[in-house]
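Student: Sharing a structure here in structure tokens format.
Numbering (the working numbering), first residue to last: 8 to 81.
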């Protein structure tokens, strides 16, 4: 959900094929696939252990790193 919310600040179309590298890509909700793909393309998220963990929780440390990466985009 955190990643989906962050997507709304970006406006580029995403290539869904970037999700193919994640073993849990089928667990990503249809409404979130474009946003997750875009964030992966932009290098803002990369998952771990070949998983994106779409229903997992985000730690404060992960959120801080993510927000720093977003900040550095500009």
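Beta carbons: idealized from backbone N, C-alpha and C, even for Gly.
Compute the Euclidean distance between the alpha carbons of residue 62 and residue 31, then round it to the nearest angstrom.
Tutor: For residue 62 and residue 31, the distance between alpha carbons rounds to 10 Å.
Student: Less than 8 Å between the C-beta atoms of residue 72 and residue 47, yes or no?
Tutor: no
Student: Under DSSP, the alpha helix (DSSP H) around residue 25 begins and ends at which residues?
Tutor: Element bounds for residue 25: n/a, residue is neither H nor E.
Student: Compare the C-alpha of residue 20 against each of 78, 39, 35 and 57 and name the closest.
Tutor: Of all alpha-carbon atoms in 78, 39, 35 and 57, the one lying nearest the alpha-carbon of residue 20 is that of 39.
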